[in-house]
Amino acid sequence: MAFGDSSLPGSEARAKLKEVRNRLTSAQAVTVLTGAGISADSGIPTFRGADGLWKNYRPEELASPEAFSRNPSLVWEWYNWRRELIAAKRPNAAHYALVELERRIDRFWLITQNVDGFHRDAGSRKLSEIHGNIWMVRCTTCGGVRENRQIPIPILPTCPDCQGLLRPHIVWFGESLHPLDLDHSLAALRACEILLIIGTSGVVYPAASFGPIAKEHGAFVVELNLDPTPQSALVDLAIQGHAKDLVPQLLSPPPLSSHFLDSDRDSLLG
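For the sequence shown, the residue numbers in the working numbering are 29 to 298.
Shown next as structure tokens:
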């Protein structure tokens, strides 16, 4: 796994990255929000891209309580496809850099919209997976939640405690975030000195409101994304590029070569 494999950013982007590095050096409270863009660098299709389609179904047609009630077998077939896809991929340099940032910052919190579990796999511990985790299942009868990494999972899996039908422990379209996750996230947004927004579309609520919330409470807000978003004009700094290339540079300047070796990850994580 390489830490970065594209050309170095231009002079304007390098200057912005240097400013963020300098601010992070003295920051005591940092919050990070990540979205699909950080996992896209690991090869995970995004919901909003053409490669996010499955059998011509849009995610909105499958990731809902109504879809599961109507055809749970179809929904589980889709989640089996997603679980198999994710299991074949790995966290990338951006995930590991955020683990190191967590180690360095006294008051750190990571909020992710992603359900792939890559942040946990990389080693992040101070985090809220606000949309859930694809490797967790929840009983529709007793409400019990447990990890399940079985691939493929049975098309109609049942709870070992009560034999009720299991569903993915995911926040679907039309469902509310778990109150505890939302409370932790809002507290971190209001308390942080710096908010890093990485790989988000800036259109999915409530996460799209997180930047303005942090800014209202005095945070310096930085957006790192491959393309401009509706949030780009509202943040203090917007930097375009791949997360796997940019995020490691928030911790240290890039080497003369634009390529990082696997061993560099180990030295960064110490």
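Note that CB positions come from ideal geometry on N, CA and C, so glycine has one too. All values derive from a computational prediction rather than experimental measurement.
Bounding residues of the beta strand (DSSP E) (the contiguous stretch that carries residue i)
| i | result |
| --- | --- |
| L196 | It should be noted that the sequence gives Pro, not Leu, for residue 196. Segment 194-198, the beta strand (DSSP E) holding P196. |
| I226 | 222-226 |
| I181 | Neither: I181 is in no beta strand (DSSP E) and is coded neither H nor E. |
| R166 | 160-167 |
| V173 | 173-175 |
DSSP three-state assignment for residue i, whether helix, strand or coil
| i | result |
| --- | --- |
| Q191 | coil |
| E112 | helix |
| L265 | strand |
| F201 | coil |
| L254 | coil |
| A247 | coil |
| A57 | strand |
| V275 | helix |
| S280 | coil |
CB-CB length for residue i against residue j, believed under 8 angstroms
| i | j | result |
| --- | --- | --- |
| D264 | V250 | 7 angstroms |
| W200 | R177 | That belief does not hold up - the Cβ atoms of W200 and R177 are roughly 21 angstroms apart, past 8 angstroms. |
Residue range of the unbroken alpha helix (DSSP H) whose run includes residue i
| i | result |
| --- | --- |
| R42 | 39-54 |
| G65 | 64-68 |
| R218 | 207-219 |
| P87 | 87-90 |
Interface flag, residue i vs chain D, CB-CB below 8 angstroms
| i | result |
| --- | --- |
| G171 | This model lacks chain D altogether, as it is built from one protein chain only. |
### Task
Could I get the ranges of all uninterrupted beta strand (DSSP E) runs contained in the region 96-158, with 3 residues as the minimum, in chain order?
Listed in chain order, they are 135-140, 155-157.
### Task
Determine, using beta-carbon pairs with one atom in the region 161-170 and one in the region 189-202, whether at least three such pairs fall under 8 angstroms.
Judged by pairs of C-beta atoms under 8 angstroms, the region 161-170 touches the region 189-202, as three or more such pairs exist.
#### Entry: Touching by the beta-carbon criterion (3+ pairs, under 8 angstroms), the region 237-253 and the region 207-226
A contact exists between the region 237-253 and the region 207-226.
### Query
Is it true that the region 98-105 meets the region 157-165, where meeting means three or more beta-carbon pairs spaced less than 8 angstroms apart?
They do not touch, by the three-pair rule.
### Query
If you pair each beta-carbon of the region 83-92 with each one of the region 134-145, do three or more pairs fall below 8 angstroms?
No: fewer than three Cβ pairs fall under 8 angstroms.
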